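Accompanying notes for the structure given below.
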Amino acid sequence: MSDAAIAELAPRSAYATPAMPSVSPKPATTAGTAKPANRSGRRRSRTPTGCSRVHCPPPSGPQSSMSCTASGSSTPRRPKCGPHCSTKAATSARSRPSTGCCAKPARAGSAAAGTHPATVKPELVAFEPNQVWSWDITKLRGPAKWSWYYLYVILDIFSRYVVGWMVASRESAALAEVLIRQTCAKQDIGRDRLTIHADRGSSMTSKPVAFLLADLGVTQSHSRPHVSDDNPFSEAQFKTLKYRPDFPDRFDSIEAARRHCQIFFGWYNDEHRHTGLGLHVPADVHYGTAAIIRDKRAGVLNAAYAAHPERFVQKPPAPPKLPSGSWINKPDDTEEATQ
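Quick look at the structure:
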């Protein structure tokens, strides 16, 4: 093509200006060279492929750096960013923490994340009444949606006797403090005799309750977080309350809730017979009359056996035994042997 033809076609080019020469020099020195369009329609990755192998910063000194391979091994060398590596990517590669490119971040709950130490499983035993109490708070539905009444219950784990209870319109550490103080006075609890166990609710772990128990000389015990089995006696008592046929879906007022609980706890303490208590009621075990009642039962069974021994083919009948101890998280025989 002649120079005249090139000059004739030059004004038609979108990249030609009057200051441009008619014949372009090498592409590397041309400032206005057109870039090819991205025909795939996809945006290019911000991270250049030439820098994908550079992950680790220099361990020490400005002259050295670490570059990790895909297999996880590391060799001391300067990071190679390739021909398409940007300044930002190269700077990011040099400023990353020196934990290795294949090292995973520490999971939440691991030792590297600084977790709390494991809580100790509570192991409590009572061989007589007023040695270990368990207390908890449960909700009772009110007359309207999202309205609740709060039932506080303190239970003796040896006798299953409810030594104190209260229905309130809110959950409060101050109310719990009053209930515990009055119940300890009513049961004539001396110093260093009683342990009170509860879960980790806000009222149970509050400072007013902790200060009160310290003043009364009562030992405080708590369940492990999110472990309902650590407070089984209170949970079982609440289930007995709420699974009764006469338990309403809602209470019309707080007075109605208190009347219902008054009737229920009278039945629970004086009439409800527990298989764990040898079919005795909690009041008999708590106040020491269960042994006398058991002797009377044994006399009736002995008389029946003497009158008709053929009815008892295996052995003479005997009443159920009284409880010798009540445990929260009783250790296994293997655990006792190792200790």
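Residue numbers for the sequence shown follow the working numbering, so the first one is -15 and each next one is one higher.
Glycine included, each C-beta is placed from N, C-alpha and C at the ideal position.
Keep in mind the model is a prediction, meaning the values are calculated, not measured.
Quick check on DSSP: helix, strand or coil for residue i?
i, result
"Tyr289", "helix"
"Ile277", "helix"
"Ser94", "The predicted position of Ser94 is uncertain, since its pLDDT is 44 and thus under 50; no value can be drawn from it."
"Trp311", "strand"
"Tyr271", "coil"
"Leu124", "strand"
"Val193", "helix"
"Val211", "coil"
"Asp199", "helix"
"Thr103", "coil"
"Leu261", "helix"
"Ala302", "coil"
"Val116", "strand"
"Asp316", "coil"
Rounded to whole angstroms, what's the CA-CA distance from residue i to residue j? Just pull it up for me.
i, j, result
"Asp183", "Asp254", "27 Å"
"Asp120", "Ile277", "31 Å"
"Trp132", "Ala302", "47 Å"
"Pro307", "Pro315", "17 Å"
"Ile173", "Thr273", "20 Å"
"Leu197", "Gln204", "7 Å"
"Asp236", "Ile141", "32 Å"
"Asn114", "Arg177", "8 Å"
"Ala110", "Ala275", "17 Å"
"Ala240", "Ser153", "12 Å"
"His206", "Pro216", "12 Å"
"Leu261", "Lys305", "8 Å"
"Arg243", "Phe249", "10 Å"
"Cys86", "Val211", "Note that Cys86 scores 46 on pLDDT, short of 50, meaning its location in the model is unreliable; the coordinates nonetheless yield the value given after this. So the alpha carbons of these two residues sit roughly 37 Å apart."
"Pro293", "Gln166", "53 Å"
"His256", "Ala288", "26 Å"
"Tyr252", "Leu285", "26 Å"
"Gly309", "Gln171", "20 Å"
"Arg208", "Pro229", "33 Å"
"Pro127", "Gln298", "56 Å"
"Pro300", "Glu112", "29 Å"
"Tyr227", "Cys168", "29 Å"
"His258", "Val265", "6 Å"
"Arg281", "His181", "34 Å"
"Pro232", "Trp130", "16 Å"
"Thr122", "Gly185", "11 Å"
"Trp149", "Leu263", "24 Å"
"Asp199", "Phe296", "56 Å"
"Ile238", "Ile247", "14 Å"
"Ile164", "Phe195", "12 Å"
Can you name the start and end residues of the beta strand (DSSP E) that residue i belongs to?
i, result
"Gly250", "Segment 238 to 254 is the alpha helix (DSSP H) holding Gly250; no beta strand (DSSP E) there."
"Leu139", "132 to 140"
"Ile180", "179 to 182"
"Ala152", "146 to 152"
"Val109", "108 to 110"
By the DSSP assignment, the alpha helix (DSSP H) with residue i in it spans what residues?
i, result
"Leu225", "216 to 226"
"Leu159", "157 to 170"
Return the Cβ separation of residue i and residue j in integer angstroms, given the expectation that the two are a contact with Cβ distance under 8 Å.
i, j, result
"Val116", "Thr179", "5 Å"
"Pro106", "Asp214", "6 Å"
"Cys245", "Val162", "The pair is not a contact, with the Cβ atoms about 17 Å apart (cut-off 8 Å)."
"Gly201", "Arg175", "3 Å"
"Leu108", "Ile312", "4 Å"
"Ser118", "Ser218", "5 Å"
The ligand PLP and residue i: does any heavy atom of the ligand fall closer than 7 Å to the residue's C-beta?
i, result
"Gln298", "Looking for the ligand PLP in the displayed structure turns up nothing, as the structure carries no ligands at all."
Can you find a CB in chain B that lies within less than 8 Å of the CB of residue i?
i, result
"Pro232", "Included in the structure is just one protein chain, with no chain B present."
Check whether the region 126 to 142 and the region 220 to 234 touch, using three or more Cβ-Cβ pairs below 8 Å as the test.
Three or more beta-carbon pairs separated by less than 8 Å link the region 126 to 142 to the region 220 to 234, which places the two stretches in contact.
For the region 141 to 153 and the region 258 to 271, state whether three or more C-beta atom pairs, one from each stretch, are separated by less than 8 Å.
Three or more pairs of CB atoms, one per stretch, sit closer than 8 Å, so the region 141 to 153 contacts the region 258 to 271.
Do the region 152 to 162 and the region 182 to 198 make contact, defined as three or more Cβ pairs closer than 8 Å?
Yes, the region 152 to 162 is in contact with the region 182 to 198.
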